[in-house]
Amino acid sequence: MALVMMYRTETKPDRVEKLEKLRLEFMDIYEKHDVDIMGHWQDRERPHVSYYMARYEDEDQYTETVQKLKEDKKYSELTDKLNEIRTDFEATRLTPV
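The working numbering numbers the first residue of the sequence shown as 99 and each following residue consecutively.
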């Protein structure tokens, strides 16, 4: 059964530009690891809040992909940079009904 992960990231309001630069670098890594990014959105009222969704074939593919990302040095470095500007984060698992 397909699994969609929805991620919400909130940063300091003055760090929107930095978040966008990091997002582009993350996209390169996601492409390298065949992560199906469905889209990326910014909150219209609060531009320092962004959302993106990634699709996986099933729980196994999600678990394998997460493991590959954790082993990717560049991914870890970018995550550290993101955590410096991030003030809140939420990940939600979505499955078809």
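Using N, Cα and C, we set each Cβ at its ideal position, and we do this for glycine too. Since this is a predicted model, take the numbers as computed values, not measurements.
A direct Cα-Cα distance of roughly 33 Å separates Glu118 from Val195. For Lys171, the closest alpha carbon among the candidates Lys116, His131, Glu108, Tyr154 is that of His131.
Here Ser148 is buried: its Cβ has 16 or more other Cβ atoms, across all protein chains shown, within 10 Å.
In this structure Thr193 is in contact with Met99, their Cβ atoms being roughly 6 Å apart against a cut-off of 8 Å. The Cβ atoms of Leu101 and Glu155 sit closer than 9 Å to each other. A direct Cα-to-Cα measurement between Glu108 and Thr185 gives close to 6 Å.
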